[in-house]
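Here is the structure we will look at, set down as structure tokens.
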Amino acid sequence: MTNFIQPYADYAGEWLPVLLEAMGTTALLSVSAFALSLVFGLLLALCRNTRWRALRRCVALYVAAVRGVPLLAILFLLYFGLPGIGVTFDAFTAAVIGLALAFAAQVAELLRAGLMAIPAGQREAAFAVGFTPYQSFTLIVLPQVVRISVAPLIVTFVSLLKDSSLASLITVDELVLTGRAMATEYFLPLHIYLAVGVCYFLIAWPFSLLSKRLAPPAAR
Amino acid sequence: MNPLLSVTGLTKSYGAVEVLKGIDFDVAAGEKIALIGPSGSGKSTCLRCLNFLEKPSAGAIHLDGERIGVRLGRPMSDRQLAPQRAEMGMVFQLFNLWPHLSVTENVAIAARKVRGLPAKEAQELALDMLAKVHMTHRADASPLELSGGQQQRVAIARALAQKPKLMLFDELTSALDPELVHEVLKVMEELAAEGRTMLIVTHEIAFARDIADRVLFLDGGRIVEQGPARALILSPREPRTQAFLRQIRH
Ligand SMILES: Nc1ncnc2c1ncn2[C@@H]1O[C@H](COP(=O)(O)OP(=O)(O)OP(=O)(O)O)[C@@H](O)[C@H]1O
Ligand SMILES: [Mg+2]
Chain A
66 MTNFIQPYAD YAGEWLPVLL EAMGTTALLS VSAFALSLVF GLLLALCRNT
116 RWRALRRCVA LYVAAVRGVP LLAILFLLYF GLPGIGVTFD AFTAAVIGLA
166 LAFAAQVAEL LRAGLMAIPA GQREAAFAVG FTPYQSFTLI VLPQVVRISV
216 APLIVTFVSL LKDSSLASLI TVDELVLTGR AMATEYFLPL HIYLAVGVCY
266 FLIAWPFSLL SKRLAPPAAR
Chain B
4 MNPLLSVTGL TKSYGAVEVL KGIDFDVAAG EKIALIGPSG SGKSTCLRCL
54 NFLEKPSAGA IHLDGERIGV RLGRPMSDRQ LAPQRAEMGM VFQLFNLWPH
104 LSVTENVAIA ARKVRGLPAK EAQELALDML AKVHMTHRAD ASPLELSGGQ
154 QQRVAIARAL AQKPKLMLFD ELTSALDPEL VHEVLKVMEE LAAEGRTMLI
204 VTHEIAFARD IADRVLFLDG GRIVEQGPAR ALILSPREPR TQAFLRQIRH
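Each protein sequence line maps, in turn, to chains A and B.
Just add 65 to wherever you are in the first sequence, counting from 1, and you've got the numbering used here.
Just add 3 to wherever you are in the second sequence, counting from 1, and you've got the numbering used here.
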């Protein structure tokens, strides 16, 4: 047992800063992609409930399409494919956009369910006191949707965090790619990938706890 | 004197089904009108057409001489309608309080966001309105913690805070436990005594008789009979009114 732990003691000084930096990249990548997917997902959810049927159809098609395509294919398309038509992103940007496009579909479905859970009377009461549609949405409907959706959204964020590891395959220096480089350098893959796993867990764990706390009692 | 509210030729169809078939009536300032009629006769639809929560299929509604929902011959958007709706306070059968806001905030928010009152004044106004409905003691509660009767009284306070020209009440007591009906009716009586203009949809016939100046009896999307409250309820002329009142008293 002491044998197993020894390398961690020996290399802590070298590994820790490298892993911390990679952790930072993974966190930044995940948070940026998630923020973007929230905005995009909200737009999709609103379009999904709009009067215009063509728009509703397009959004439904988009959601279905994104769900049916592996995230890795989307990332490859953005990073290796688009330069073919003259559109070039750096690896990090491509990863943010790819993750956001994919997870926006999930966010949209969550928010749509939240929107549909708000009784029509809530909006009617808002109209009745003289709120504009924009005020009704931002003051009355959206805060309630957020309340309903926050726990499942956090769960979605955690799965985005884990899927951000795919960005290693388009050369983003996040945790997995960094781990792979270290494993080759130190010939200690078991130790290093364990450490990488712990890093993911350290980011994800607080959010898992939070989502459990915020979930309605029945779902706990 | 011009009426405060005038409704002419109000018609509403859902697809091929005509729910309101041409409703005409006026409401003078300070007048209290009860709208009664069997279930499905169109009472709620009529009320909801007045502030355009439902868009009428035809007809005209004027409040204080101003045409509601139509400007220069064109239908108004919900955004354009907002200030007109603010002139009418509406209270719903199922209260529709906003559960993410406190009781006080339910009453104060429109005063700030619609009428532009400063936060402190809106707060004071809300507390005044809550006092009117005897709910000051739950000012900081969440609506979810209140009984139905309490929620309904807060909903009344919310509508009062609009300082509306007209109050629209849609069966305020129908969703309440019988023992809670009284507290809501009492508040409505107090409002009536203040000389407010009120349009009241209700199944409480005795209440309508005592509180209303005039009663409109609606059946099948038409006003079948109307008249002074006491006279109409004690001695209705139309057979359909007679049948309805007999049945409701059973
Ligand atoms: N959105 C709608 N779509 C189709 N039909 C509707 C709609 N809203 C109401 N109706 C129909 O219009 C008719 C009148 O309904 P309304 O709710 O105005 O009646 P009411 O007199 O208020 O009845 P109650 O006493 O049960 O509340 C009913 O037959 C109802 O089914
Ligand atoms: Mg009704």
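Think of the CB as a built atom: it goes at the ideal place given N, C-alpha and C, for glycine as much as any other residue.
Unbroken alpha helix (DSSP H) run spanning residue i, endpoints
| i | result |
| --- | --- |
| SER224(A) | 207-228 |
| ILE71(B) | No alpha helix (DSSP H) contains ILE71(B), which DSSP labels as neither H nor E. |
| LEU242(A) | 240-251 |
| TYR144(A) | Per DSSP, TYR144(A) belongs to no alpha helix (DSSP H) and is neither H nor E. |
| VAL20(B) | Segment 20-30 is the beta strand (DSSP E) holding VAL20(B); no alpha helix (DSSP H) there. |
| MET132(B) | 122-135 |
| ASP81(B) | 81-89 |
| GLY133(A) | 118-133 |
| MET138(B) | Here MET138(B) belongs to no alpha helix (DSSP H), and DSSP marks it neither H nor E. |
| GLU174(A) | 156-181 |
| ILE150(A) | First-last for ILE150(A): undefined, no H or E at that position. |
| ASP75(A) | 67-113 |
| ALA196(B) | 181-196 |
| LEU277(A) | Residue identity check: residue 277(A) is Lys in the sequence provided, not Leu. It spans 254-279 - the alpha helix (DSSP H) in which LYS277(A) sits, taken as one unbroken run. |
Residue i, enclosing beta strand (DSSP E) - first and last residue
| i | result |
| --- | --- |
| ASP216(B) | Looking at the DSSP string, ASP216(B) is not in any beta strand (DSSP E), and its letter there is neither H nor E. |
| PRO231(B) | 225-231 |
| ALA1(B) | Outside the modelled stretch of chain B, which goes from 4 to 253, sits residue 1(B), for which no answer is possible. |
| LYS15(B) | 8-17 |
| LEU202(B) | 201-204 |
| PHE172(B) | 169-173 |
Cβ neighbours of residue i in the same chain (closer than 6 Å, five flanking residues each side left out)
| i | result |
| --- | --- |
| ALA195(B) | LYS35, ILE214 |
| MET138(B) | ARG156, VAL157 |
| GLN87(B) | ILE71 |
| THR14(B) | LEU23, GLY25, SER60, ALA61, GLY62 |
| ARG177(A) | ALA110, ARG113 |
| SER44(B) | LEU221, ASP222 |
| LEU279(A) | VAL215, ALA216 |
Residue environment, residue i, which counts as buried when at least 16 other CB atoms sit within 10 Å
| i | result |
| --- | --- |
| ASP222(B) | buried |
| THR249(A) | exposed |
| ALA117(A) | Ala is not the amino acid found at residue 117(A); the sequence shown has Trp there. Label assigned to TRP117(A): exposed. |
| TRP101(B) | buried |
| TRP80(A) | buried |
| TYR17(B) | exposed |
| ILE26(B) | buried |
| LYS277(A) | exposed |
| THR203(A) | exposed |
| GLN171(A) | buried |
| GLN71(A) | exposed |
| PRO271(A) | exposed |
| ARG161(B) | buried |
| SER273(A) | exposed |
| PHE69(A) | exposed |
| HIS103(B) | buried |
| ARG83(B) | One point to set straight first is that residue 83(B) is Gln, not Arg, in the sequence displayed. Exposed, by the Cβ-count rule. |
| ALA159(A) | buried |
| ARG285(A) | Model confidence at ARG285(A) stands at a pLDDT of 38, short of 50, so the residue's coordinates are unreliable; what they give is reported in the following sentence. With fewer than 16 other Cβ atoms within 10 Å, it is exposed. |
Beta-carbon proximity list for residue i, same chain, < 7 Å, skipping 5 on both sides
| i | result |
| --- | --- |
| MET79(B) | GLY72, VAL73 |
| PRO41(B) | ASP222, PHE247 |
| GLU228(B) | PHE220, LEU235, PRO239, ARG240, GLU241, THR244 |
| ALA232(B) | ALA37, ALA211, ARG212, ALA215, ASP216, ARG217, VAL218 |
| VAL184(B) | THR176 |
| ALA142(B) | VAL106, THR107, LEU130, LEU133 |
| SER201(A) | ARG188, ALA191, PHE192 |
| PHE157(A) | LEU94, VAL237 |
Cut-off 8 Å between Cβ atoms - residues of its own chain near residue i, not counting five sequence neighbours on either side
| i | result |
| --- | --- |
| VAL190(B) | LYS135, VAL136, HIS137, ARG156, ILE159 |
| MET88(A) | LEU240, CYS264, LEU267, ILE268 |
| ILE251(B) | HIS206, ILE208 |
| GLY151(B) | PHE98, ALA178, LEU179, ASP180, LEU183 |
| PHE222(A) | SER95, PHE99, PHE272 |
| ALA113(B) | ALA89, ARG161, ALA164, GLN165 |
Any non-hydrogen atom of ligand 3 closer than 6 Å to residue i Cβ
| i | result |
| --- | --- |
| SER60(B) | This structure simply doesn't include ligand 3; it includes ligand 1 and ligand 2 instead. |
*asked:* For the pair the region 126-139 of chain A and the region 163-175 of chain A, tell me if three or more CB-CB distances fall below 8 Å.
replied: With a cut-off of 8 Å, the region 163-175 of chain A and the region 126-139 of chain A count as touching, because enough Cβ pairs lie within range.
*asked:* Residues around ligand 2, please: the ones whose beta-carbon is closer than 7 Å to some heavy atom of it, in chain order.
replied: By the rule of a C-beta closer than 7 Å to any heavy atom of ligand 2, the residues picked out are LYS46(B), SER47(B), GLN96(B), ASP173(B), GLU174(B), VAL204(B).
*Taking contact to mean at least 3 C-beta pairs separated by less than 8 Å, is the region 207-219 of chain A in contact with the region 139-150 of chain A?*
Not touching, per the Cβ criterion.
_Check whether the region 72-91 of chain A and the region 233-245 of chain A touch, using three or more Cβ-Cβ pairs below 8 Å as the test._
The region 72-91 of chain A is in contact with the region 233-245 of chain A.
*At a cut of 8 Å, does the region 188-205 of chain B reach the region 123-131 of chain B through at least three beta carbon pairs?*
No, because fewer than three Cβ pairs between the region 188-205 of chain B and the region 123-131 of chain B fall closer than 8 Å, the two stretches do not touch.
_Does the region 170-181 of chain B come into contact with the region 116-123 of chain B, if we say contact requires no fewer than three beta-carbon pairs (one atom in each stretch) closer than 8 Å?_
With fewer than three CB-CB distances shorter than 8 Å, the region 170-181 of chain B does not count as touching the region 116-123 of chain B.
*Could you say if the region 253-260 of chain A and the region 98-108 of chain A meet the contact criterion of at least three C-beta pairs nearer than 8 Å?*
Taking a cut-off of 8 Å for Cβ pairs, the region 253-260 of chain A and the region 98-108 of chain A do not touch, as fewer than three such pairs fall below it.
*asked:* With three or more C-beta pairs closer than 8 Å as the rule, is the region 45-53 of chain B touching the region 14-29 of chain B?
replied: Between the region 14-29 of chain B and the region 45-53 of chain B there are three or more C-beta pairs closer than 8 Å, enough to call the two in contact.
_Pairs of beta-carbons, one from the region 61-70 of chain B and one from the region 176-193 of chain A, closer than 8 Å: are there three or more?_
Between the region 61-70 of chain B and the region 176-193 of chain A, the count of C-beta pairs closer than 8 Å stays below three; the two stretches do not touch.
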